[in-house]
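In this note's numbering, the protein residues as written are 1 to 202. All residues carry an ideal CB built from backbone N, CA and C; glycine is no exception. What you are looking at is a predicted structure, and each value in this text was computed from that prediction instead of being measured. One structure is given here, and the rest of the page talks about it.
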């Protein structure tokens, strides 16, 4: 008997070995295929979206705060400008009024001299008429400038309008009554530019 025919299969060359039979998929001992892995959830995206939303809200709040601050700054600037404009107008008016009052005050001695001239008696009627016309013109100019005379004789003494330089007693007169005007007083609007010099009784 030939010993070569009875040699074990493991000693055969690789190409002569019998092919191994594949086991069916459902056969016992078959390894189960691994289940498909579920896609990973990405919580990072949600966090990023939340952060982006918070950032947008914060930016909107900052913009609103800046807008409110700028609006407040605009209102303050507008109020300051309005106050400056009103203050400047008052100052201009005050300067104009002061200059006008100062100018009129310098002309008041002329009024006093005309008044004294009219108090003197004269036989020259033409001369007197001329002085009266000058006084009338002078008074008209003062009136157009807003200057008015302060009433004195027969009025009660008012320290805001009158300057009492003489005192006397007269039972027929009232308390603090002005009986004589020594120098005419004047007002420019409501401002006294020269107090009236008067004599007061009682």
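| Asked | Found |
| --- | --- |
| Rank 137, 155, 161 by C-alpha distance to the C-alpha of residue 203 and give the top, closest one. | With the chain covering 1 to 202 only, the question about residue 203 has no answer from this structure. |
| Is residue 195 helix, strand or coil by DSSP? | coil |
| Could you please give the first and the last residue of the uninterrupted alpha helix (DSSP H) stretch that includes residue 136? | 125-144 |
| Using the Cβ count rule (16 or more neighbours within 10 Å means buried), how would you classify residue 130? | exposed |
| From what residue to what residue does the beta strand (DSSP E) around residue 122 run? | First-last for residue 122: undefined, no H or E at that position. |
| Can you tell me where the beta strand (DSSP E) holding residue 186 begins and where it ends? | 185-188 |
| Does the distance from the C-beta atom of residue 100 to that of residue 161 stay below 9 Å? | no |
| Run the CB neighbour count on residue 93, radius 10 Å, all protein chains shown included, and call it buried at 16 or more, exposed below. | exposed |
| Out of 48, 151, 191, point me to the one whose CA is closest to residue 179's CA. | 151 |
| With H, G and I counted as helix, E and B as strand and the rest as coil, what does DSSP make of residue 26? | With a pLDDT of only 48 at residue 26, under 50, the local geometry of the prediction cannot be trusted, and no value is derived from it. |
| To the nearest whole angstrom, what separates the beta carbons of residue 200 and residue 176, a pair I think is in contact under 8 Å? | 6 Å |
| How long is the line joining the alpha carbons of residue 26 and residue 50, rounded to whole angstroms? | In this predicted model, residue 26 has a pLDDT of only 48, less than 50, meaning its place in the structure is not dependable; the value taken from the coordinates is given anyway. Going by the C-alpha atoms only, they are around 50 Å apart. |
| When you compare only the Cα positions, how much space is there between residue 183 and residue 136? | 18 Å |
| Where do the N-terminal and C-terminal ends of the beta strand (DSSP E) with residue 164 fall, by residue? | 162-168 |
| Tell me which residue opens and which closes the beta strand (DSSP E) that residue 147 is part of. | 147-150 |
| Using only alpha-carbon positions, find the residue among 54, 112, 65, 163 that is nearest to residue 139. | 112 |
| Using 9 Å as the threshold, is the C-beta distance between residue 198 and residue 157 below it? | yes |
| So, at 8 Å on beta carbons, what are the nonlocal neighbours of residue 191 in its own chain, with the 5 sequence-adjacent residues on each side left out? | 97, 101 |
| To which residues of the same chain is residue 115 closer than 8 Å at the C-beta, ignoring the five residues directly before and after it? | 135, 184 |
| Mark residue 207 as exposed unless 16 or more other C-beta atoms lie within 10 angstroms of its C-beta, in which case mark it buried. | Lying before the first or after the last residue shown, residue 207 is absent from the chain, which here runs from 1 to 202. |
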